[in-house]
Amino acid sequence: MSETNIFAADPGELSVAILVLPDSNLMALAACIEPMREANRLAGGTAFRWRLFSPTGGEVVLSSRLPLATEPLTTHIECDLLIVVAGFNLIDHTPSALIRQLDEIAPEIRAIGGVDGGTWVLARAGLLNGQTATVNLDDLEEFADVFPKINVVRDRFTISGKLFTSSGAAPTIDLMLYLIRARHGPRLADGVAAALVYESAPMARRPELPTSTVRLERNAPKLARAVRIMGESLAKPMDASEIARMLGLSQRSLEVMFQKHLGQSPAACFLRMRLQEARRLVLETPLGLNEVASSTGFSSPAVFARAFRRQFGMSASALRRLHRR
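FYI, the numbering for the sequence shown is 6 to 330, going by our numbering.
Next comes the structure, spelled out in C-alpha coordinates:
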(Lines of atoms letter the chains of each structure in order from A and count residues from 1; the text may use other names and numbers.)
(Lines give C-alpha, C1' and ligand atoms only; values in the text may rest on other atoms or scores of the structure.)
Protein backbone atom coordinates (compact mmCIF):
# COMPACT_ATOMS: atom_id res chain seq x y z
CA MET A 1 0.00 0.00 0.00
CA SER A 2 1.13 3.56 -0.50
CA GLU A 3 2.18 6.02 2.17
CA THR A 4 -1.46 6.24 3.28
CA ASN A 5 -1.00 3.01 5.25
CA ILE A 6 -0.80 3.69 8.98
CA PHE A 7 -0.37 -0.02 9.76
CA ALA A 8 3.26 -0.10 8.67
CA ALA A 9 6.48 0.17 10.63
CA ASP A 10 7.03 3.86 11.40
CA PRO A 11 8.65 5.28 14.55
CA GLY A 12 7.26 8.73 13.80
CA GLU A 13 4.40 10.43 15.62
CA LEU A 14 0.85 9.60 14.53
CA SER A 15 -1.65 12.45 14.76
CA VAL A 16 -5.11 11.21 15.76
CA ALA A 17 -8.42 13.07 15.75
CA ILE A 18 -11.21 11.41 17.73
CA LEU A 19 -14.71 12.52 16.78
CA VAL A 20 -16.97 11.84 19.77
CA LEU A 21 -20.73 12.00 19.35
CA PRO A 22 -23.13 12.57 22.26
CA ASP A 23 -24.29 9.41 24.05
CA SER A 24 -21.05 7.61 23.21
CA ASN A 25 -19.76 4.79 25.38
CA LEU A 26 -17.01 5.88 27.77
CA MET A 27 -15.34 2.46 27.54
CA ALA A 28 -15.18 2.67 23.74
CA LEU A 29 -13.54 6.09 23.96
CA ALA A 30 -11.10 4.92 26.64
CA ALA A 31 -10.23 1.88 24.49
CA CYS A 32 -9.00 4.32 21.82
CA ILE A 33 -7.06 6.62 24.11
CA GLU A 34 -5.56 4.50 26.89
CA PRO A 35 -3.40 2.25 24.65
CA MET A 36 -1.95 5.37 22.98
CA ARG A 37 -1.32 7.05 26.33
CA GLU A 38 0.43 3.97 27.69
CA ALA A 39 2.45 3.60 24.49
CA ASN A 40 3.72 7.16 24.89
CA ARG A 41 4.66 6.50 28.52
CA LEU A 42 6.54 3.29 27.78
CA ALA A 43 8.21 4.74 24.68
CA GLY A 44 9.38 7.78 26.63
CA GLY A 45 8.14 10.08 23.88
CA THR A 46 5.16 10.96 21.73
CA ALA A 47 4.33 8.03 19.52
CA PHE A 48 0.72 9.23 19.37
CA ARG A 49 -0.85 12.65 19.67
CA TRP A 50 -4.62 12.99 19.88
CA ARG A 51 -7.32 15.65 20.10
CA LEU A 52 -11.03 15.31 20.82
CA PHE A 53 -13.65 16.74 18.47
CA SER A 54 -17.42 16.84 18.20
CA PRO A 55 -19.68 18.14 15.43
CA THR A 56 -20.10 21.58 17.03
CA GLY A 57 -17.43 21.62 19.73
CA GLY A 58 -17.95 22.41 23.40
CA GLU A 59 -19.20 19.95 25.98
CA VAL A 60 -20.38 16.52 24.86
CA VAL A 61 -22.29 14.34 27.31
CA LEU A 62 -21.49 10.63 27.13
CA SER A 63 -23.96 7.80 27.76
CA SER A 64 -22.69 7.66 31.37
CA ARG A 65 -23.71 11.35 31.69
CA LEU A 66 -20.09 12.39 32.03
CA PRO A 67 -19.28 15.66 30.19
CA LEU A 68 -16.35 15.82 27.77
CA ALA A 69 -14.67 18.96 26.43
CA THR A 70 -14.17 18.93 22.65
CA GLU A 71 -13.11 21.08 19.72
CA PRO A 72 -15.44 21.72 16.77
CA LEU A 73 -14.92 19.50 13.74
CA THR A 74 -13.99 21.35 10.56
CA THR A 75 -13.42 20.23 7.00
CA HIS A 76 -9.79 21.38 7.28
CA ILE A 77 -8.84 19.17 10.20
CA GLU A 78 -5.16 18.15 10.17
CA CYS A 79 -4.54 14.59 11.27
CA ASP A 80 -3.25 11.26 10.04
CA LEU A 81 -6.10 9.23 11.50
CA LEU A 82 -9.72 10.06 12.27
CA ILE A 83 -11.59 7.76 14.66
CA VAL A 84 -15.36 8.15 14.94
CA VAL A 85 -16.80 7.06 18.30
CA ALA A 86 -20.57 6.89 18.63
CA GLY A 87 -23.15 5.14 20.77
CA PHE A 88 -26.87 5.68 21.22
CA ASN A 89 -29.39 7.87 19.36
CA LEU A 90 -27.33 7.82 16.18
CA ILE A 91 -30.03 9.31 13.97
CA ASP A 92 -30.28 12.36 16.21
CA HIS A 93 -26.52 12.79 16.39
CA THR A 94 -25.63 12.36 12.71
CA PRO A 95 -27.32 15.22 10.85
CA SER A 96 -26.78 15.60 7.12
CA ALA A 97 -24.29 18.42 7.75
CA LEU A 98 -22.01 16.00 9.64
CA ILE A 99 -22.33 13.38 6.90
CA ARG A 100 -21.28 15.99 4.32
CA GLN A 101 -18.33 17.00 6.50
CA LEU A 102 -17.08 13.43 6.75
CA ASP A 103 -17.45 13.00 3.01
CA GLU A 104 -15.30 16.09 2.43
CA ILE A 105 -12.72 15.17 5.06
CA ALA A 106 -12.24 11.53 4.05
CA PRO A 107 -10.04 12.01 0.94
CA GLU A 108 -7.57 14.16 2.88
CA ILE A 109 -6.95 11.74 5.77
CA ARG A 110 -4.65 8.74 5.70
CA ALA A 111 -7.04 6.44 7.59
CA ILE A 112 -10.52 6.54 9.11
CA GLY A 113 -11.96 4.24 11.74
CA GLY A 114 -15.37 3.56 13.22
CA VAL A 115 -15.63 2.38 16.82
CA ASP A 116 -18.81 0.99 18.34
CA GLY A 117 -21.60 3.03 16.71
CA GLY A 118 -19.00 4.87 14.68
CA THR A 119 -19.25 2.14 12.05
CA TRP A 120 -22.87 3.17 11.45
CA VAL A 121 -21.78 6.78 10.99
CA LEU A 122 -19.13 5.88 8.40
CA ALA A 123 -21.67 3.68 6.63
CA ARG A 124 -24.25 6.49 6.51
CA ALA A 125 -21.59 8.68 4.90
CA GLY A 126 -21.07 6.03 2.21
CA LEU A 127 -17.43 5.59 3.16
CA LEU A 128 -17.70 1.83 3.70
CA ASN A 129 -19.38 0.93 0.41
CA GLY A 130 -17.48 -1.92 -1.21
CA GLN A 131 -15.39 -2.40 1.95
CA THR A 132 -15.37 -5.03 4.69
CA ALA A 133 -16.70 -3.91 8.07
CA THR A 134 -17.94 -5.22 11.39
CA VAL A 135 -20.29 -3.97 14.09
CA ASN A 136 -21.59 -5.13 17.44
CA LEU A 137 -22.85 -8.71 17.16
CA ASP A 138 -26.36 -7.62 18.16
CA ASP A 139 -26.45 -5.26 15.14
CA LEU A 140 -24.92 -7.46 12.43
CA GLU A 141 -28.09 -8.55 10.68
CA GLU A 142 -29.74 -5.13 10.82
CA PHE A 143 -26.55 -3.43 9.63
CA ALA A 144 -26.27 -5.84 6.69
CA ASP A 145 -29.88 -5.15 5.76
CA VAL A 146 -29.52 -1.38 5.90
CA PHE A 147 -26.17 -1.24 4.06
CA PRO A 148 -26.19 -3.95 1.37
CA LYS A 149 -23.09 -2.54 -0.37
CA ILE A 150 -20.87 -3.32 2.63
CA ASN A 151 -19.31 -6.75 3.16
CA VAL A 152 -20.35 -7.28 6.78
CA VAL A 153 -18.40 -9.92 8.72
CA ARG A 154 -18.40 -11.31 12.23
CA ASP A 155 -15.04 -10.20 13.54
CA ARG A 156 -13.58 -8.21 16.40
CA PHE A 157 -12.16 -5.63 14.03
CA THR A 158 -11.55 -5.20 10.32
CA ILE A 159 -9.05 -3.30 8.21
CA SER A 160 -10.14 -2.64 4.65
CA GLY A 161 -7.96 -0.27 2.66
CA LYS A 162 -7.73 3.00 4.59
CA LEU A 163 -10.84 2.17 6.64
CA PHE A 164 -11.15 0.11 9.79
CA THR A 165 -14.00 -0.82 12.09
CA SER A 166 -14.35 -2.31 15.55
CA SER A 167 -17.27 -4.18 17.08
CA GLY A 168 -17.00 -2.74 20.59
CA ALA A 169 -14.77 -1.51 23.40
CA ALA A 170 -12.61 -4.61 24.04
CA PRO A 171 -12.08 -5.26 20.30
CA THR A 172 -10.95 -1.64 20.01
CA ILE A 173 -8.14 -2.38 22.44
CA ASP A 174 -7.17 -5.30 20.18
CA LEU A 175 -7.21 -2.92 17.23
CA MET A 176 -5.07 -0.29 18.98
CA LEU A 177 -2.58 -2.94 20.10
CA TYR A 178 -2.41 -4.13 16.49
CA LEU A 179 -1.70 -0.55 15.41
CA ILE A 180 1.03 -0.15 18.04
CA ARG A 181 2.59 -3.49 17.12
CA ALA A 182 2.54 -2.67 13.42
CA ARG A 183 4.16 0.75 13.86
CA HIS A 184 6.49 0.21 16.80
CA GLY A 185 7.00 -3.53 17.12
CA PRO A 186 5.78 -6.31 19.44
CA ARG A 187 7.83 -5.23 22.45
CA LEU A 188 5.96 -1.94 22.88
CA ALA A 189 2.58 -3.51 22.09
CA ASP A 190 3.15 -6.32 24.59
CA GLY A 191 4.25 -3.77 27.18
CA VAL A 192 1.06 -1.77 26.68
CA ALA A 193 -1.08 -4.91 26.97
CA ALA A 194 0.71 -5.89 30.17
CA ALA A 195 0.33 -2.42 31.67
CA LEU A 196 -3.39 -2.49 30.92
CA VAL A 197 -3.60 -6.06 32.26
CA TYR A 198 -5.24 -6.96 28.98
CA GLU A 199 -5.11 -10.25 27.09
CA SER A 200 -6.24 -10.19 23.48
CA ALA A 201 -9.07 -12.52 22.58
CA PRO A 202 -8.25 -15.44 20.25
CA MET A 203 -9.07 -14.90 16.61
CA ALA A 204 -11.99 -16.67 14.98
CA ARG A 205 -11.08 -20.21 13.98
CA ARG A 206 -12.42 -19.98 10.46
CA PRO A 207 -13.44 -17.21 8.10
CA GLU A 208 -17.04 -16.14 7.91
CA LEU A 209 -18.97 -15.67 4.71
CA PRO A 210 -20.41 -12.17 4.47
CA THR A 211 -23.22 -11.68 6.96
CA SER A 212 -25.10 -10.12 4.08
CA THR A 213 -25.62 -13.63 2.63
CA VAL A 214 -28.28 -14.13 5.29
CA ARG A 215 -30.17 -11.15 3.88
CA LEU A 216 -29.50 -12.29 0.34
CA GLU A 217 -31.12 -15.66 1.03
CA ARG A 218 -34.37 -13.73 1.37
CA ASN A 219 -33.98 -11.03 -1.27
CA ALA A 220 -31.64 -12.52 -3.88
CA PRO A 221 -31.28 -16.28 -3.33
CA LYS A 222 -29.33 -16.87 -6.55
CA LEU A 223 -26.78 -14.25 -5.53
CA ALA A 224 -26.52 -15.84 -2.09
CA ARG A 225 -25.86 -19.16 -3.80
CA ALA A 226 -23.16 -17.52 -5.93
CA VAL A 227 -21.41 -16.22 -2.81
CA ARG A 228 -21.60 -19.64 -1.20
CA ILE A 229 -20.15 -21.27 -4.32
CA MET A 230 -17.24 -18.86 -4.03
CA GLY A 231 -16.78 -19.76 -0.38
CA GLU A 232 -16.64 -23.43 -1.25
CA SER A 233 -14.10 -23.04 -4.07
CA LEU A 234 -11.46 -20.69 -2.71
CA ALA A 235 -8.63 -23.02 -3.72
CA LYS A 236 -9.85 -23.33 -7.31
CA PRO A 237 -11.56 -20.05 -8.20
CA MET A 238 -14.14 -20.08 -10.94
CA ASP A 239 -14.74 -17.06 -13.14
CA ALA A 240 -18.07 -15.28 -13.26
CA SER A 241 -19.19 -17.05 -16.42
CA GLU A 242 -18.81 -20.49 -14.78
CA ILE A 243 -20.76 -19.44 -11.69
CA ALA A 244 -23.45 -17.86 -13.83
CA ARG A 245 -23.88 -21.08 -15.81
CA MET A 246 -24.26 -23.08 -12.59
CA LEU A 247 -27.07 -20.74 -11.57
CA GLY A 248 -28.77 -20.65 -14.95
CA LEU A 249 -27.96 -16.96 -15.44
CA SER A 250 -26.08 -14.92 -17.99
CA GLN A 251 -22.77 -13.47 -16.84
CA ARG A 252 -24.19 -9.97 -17.28
CA SER A 253 -27.17 -10.76 -15.04
CA LEU A 254 -24.83 -12.07 -12.33
CA GLU A 255 -22.65 -8.96 -12.53
CA VAL A 256 -25.69 -6.68 -12.29
CA MET A 257 -26.90 -8.54 -9.18
CA PHE A 258 -23.51 -8.21 -7.49
CA GLN A 259 -23.40 -4.48 -8.18
CA LYS A 260 -26.98 -3.94 -7.04
CA HIS A 261 -26.78 -5.89 -3.78
CA LEU A 262 -23.08 -5.85 -2.83
CA GLY A 263 -21.73 -2.80 -4.65
CA GLN A 264 -18.87 -4.71 -6.28
CA SER A 265 -18.14 -7.08 -9.13
CA PRO A 266 -18.12 -10.88 -8.70
CA ALA A 267 -14.36 -10.87 -9.21
CA ALA A 268 -13.81 -8.24 -6.51
CA CYS A 269 -16.02 -10.12 -4.04
CA PHE A 270 -14.26 -13.43 -4.76
CA LEU A 271 -10.80 -11.88 -4.41
CA ARG A 272 -11.73 -10.31 -1.08
CA MET A 273 -13.00 -13.65 0.26
CA ARG A 274 -9.83 -15.45 -0.87
CA LEU A 275 -7.63 -12.83 0.76
CA GLN A 276 -9.57 -13.02 4.03
CA GLU A 277 -8.99 -16.78 4.04
CA ALA A 278 -5.32 -16.23 3.22
CA ARG A 279 -5.03 -13.84 6.17
CA ARG A 280 -6.56 -16.48 8.45
CA LEU A 281 -4.11 -19.11 7.22
CA VAL A 282 -1.17 -16.76 7.70
CA LEU A 283 -2.18 -15.96 11.28
CA GLU A 284 -3.56 -19.27 12.48
CA THR A 285 -1.60 -22.02 10.71
CA PRO A 286 2.06 -22.95 10.16
CA LEU A 287 1.55 -23.28 6.39
CA GLY A 288 4.31 -21.82 4.24
CA LEU A 289 3.33 -18.77 2.22
CA ASN A 290 3.54 -20.71 -1.04
CA GLU A 291 1.03 -23.19 0.40
CA VAL A 292 -1.20 -20.33 1.54
CA ALA A 293 -1.11 -18.90 -1.97
CA SER A 294 -1.99 -22.27 -3.48
CA SER A 295 -4.74 -22.93 -0.93
CA THR A 296 -6.46 -19.68 -1.81
CA GLY A 297 -6.27 -20.05 -5.57
CA PHE A 298 -3.44 -17.69 -6.55
CA SER A 299 -1.57 -18.62 -9.70
CA SER A 300 1.84 -17.82 -8.24
CA PRO A 301 3.45 -16.60 -5.01
CA ALA A 302 4.23 -13.27 -6.69
CA VAL A 303 0.59 -12.67 -7.64
CA PHE A 304 -0.46 -13.61 -4.10
CA ALA A 305 2.14 -11.30 -2.54
CA ARG A 306 0.99 -8.28 -4.55
CA ALA A 307 -2.69 -8.88 -3.82
CA PHE A 308 -2.07 -9.45 -0.10
CA ARG A 309 0.00 -6.30 0.32
CA ARG A 310 -2.56 -4.25 -1.59
CA GLN A 311 -5.40 -5.49 0.64
CA PHE A 312 -3.74 -5.48 4.06
CA GLY A 313 -0.99 -2.90 3.71
CA MET A 314 1.90 -5.25 4.43
CA SER A 315 3.33 -8.55 3.22
CA ALA A 316 2.02 -11.84 4.53
CA SER A 317 5.40 -12.62 6.10
CA ALA A 318 5.45 -9.25 7.90
CA LEU A 319 1.91 -9.80 9.21
CA ARG A 320 2.86 -13.25 10.50
CA ARG A 321 5.95 -11.88 12.25
CA LEU A 322 3.89 -9.16 13.96
CA HIS A 323 1.50 -11.72 15.41
CA ARG A 324 4.12 -14.14 16.67
CA ARG A 325 5.28 -13.56 20.21
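A virtual CB, placed ideally from N, CA and C, is assigned to each residue, including glycine.
Source: prediction; values computed, not measured.
Query, Result
"Taking the alpha carbon of N224 as the point to measure from, which residue in L267, L180, R326 and R192 has its own alpha carbon closest?", "L267"
"What is the DSSP secondary structure of R233, counted as helix, strand or coil?", "helix"
"Can you check which of these residues, Q136, P226 and P291, is closest to L276 by C-alpha distance?", "Q136"
"Can you name, in chain order, every residue of its own chain whose Cβ lies under 8 Å from the Cβ of L132, other than the five neighbours on each side?", "L107, D108, A111, I117 and L168"
"Report the partner residues of V202 according to the DSSP bridge assignment.", "Bridge partners of V202: none, in fact."
"Express the C-alpha separation of A298 and F307 in angstroms, rounding to a whole number.", "It is Ala, not Phe, that sits at residue 307 in the sequence shown. The straight-line gap from Cα to Cα measures roughly 9 Å."
"Look at M41 and W55 and say whether their C-beta atoms are less than 8 Å apart.", "yes"
"Take M235 and list the residues in its own chain whose beta-carbon comes closer than 6 Å to its own, dropping the five residues that flank it on each side.", "F275 and M278"
"DSSP puts P100 in a beta bridge; with which residues?", "According to DSSP, P100 bridges with nothing at all."
"By the three-class DSSP mapping on this structure, what secondary structure does N30 have?", "coil"
"Would you list, in sequence order, the uninterrupted beta strand (DSSP E) runs of no fewer than 3 residues that lie entirely inside the stretch 69-139?", "72-77, 86-91 and 116-121"
"Any idea which residues DSSP pairs E64 with across the strands?", "A74"
"Only counting the same chain, and skipping five residues up and downstream in sequence, which positions put a Cβ closer than 6 Å to that of P176?", "R161 and F162"
"Comparing alpha-carbon positions, which option in L24, L47 and T75 lies nearest I104?", "L24"
"For P60, count neighbouring C-beta atoms within 10 Å of its own C-beta (all shown protein chains included) and say buried if the count is 16 or more, exposed if not.", "buried"
"Looking at L327: is its Cβ nearer than 8 Å to the Cβ of R186?", "yes"
"For F58, does the three-state DSSP call read helix, strand or coil?", "strand"
"My output table needs one value for L168: the three-state DSSP class, helix, strand or coil.", "strand"
"Apply the 10 Å Cβ neighbour rule to D179 and answer buried if 16 or more other Cβ atoms are within range, or exposed otherwise.", "buried"
"Around the Cβ of P77, are there at least 16 other Cβ atoms within 10 angstroms (buried) or fewer (exposed)?", "exposed"
"Determine the extent of the beta strand (DSSP E) in which I23 is found, giving its start and end residues.", "L19 to V25"
"Does the distance from the CB of P191 to the CB of A231 come in under 8 Å?", "no"
"How far does the alpha helix (DSSP H) with G10 in it reach, from first residue to last?", "Reading off the sequence shown, one finds Asn at residue 10, where the question assumed Gly. Run containing N10: none; DSSP gives neither H nor E here."
"Measuring alpha carbon to alpha carbon, tell me which residue in A13, E64 and H81 is nearest L73.", "E64"
"With a threshold of 8 Å, are at least 3 pairs of Cβ atoms found where one atom belongs to the stretch 145-165 and the other to the stretch 242-260?", "no"
"With burial defined as no fewer than 16 other Cβ atoms inside 10 Å of the residue's Cβ, what is the status of S101: buried or exposed?", "exposed"
"To the nearest angstrom, how far is it from the Cα of F12 to the Cα of A229?", "33 Å"
"Among the candidates R325, A245, T124 and A323, whose CA atom is the shortest distance from the CA of T170?", "T124"
"What number of angstroms, rounded off, separates the C-alpha of A128 from the C-alpha of P226?", "24 Å"
"Could you tell me which of S304, M319 and Q269 sits nearest to N134, measuring between CA atoms?", "Q269"
"From what residue to what residue does the alpha helix (DSSP H) around I155 run?", "Counting along the chain, I155 falls outside any alpha helix (DSSP H), and DSSP gives it neither H nor E."
"State yes or no: is the C-beta of L182 within less than 8 Å of the C-beta of V90?", "no"
"Taking all protein chains shown into account, do 16 or more other C-beta atoms lie within 10 angstroms of the C-beta of N30, making it buried, or fewer, making it exposed?", "buried"
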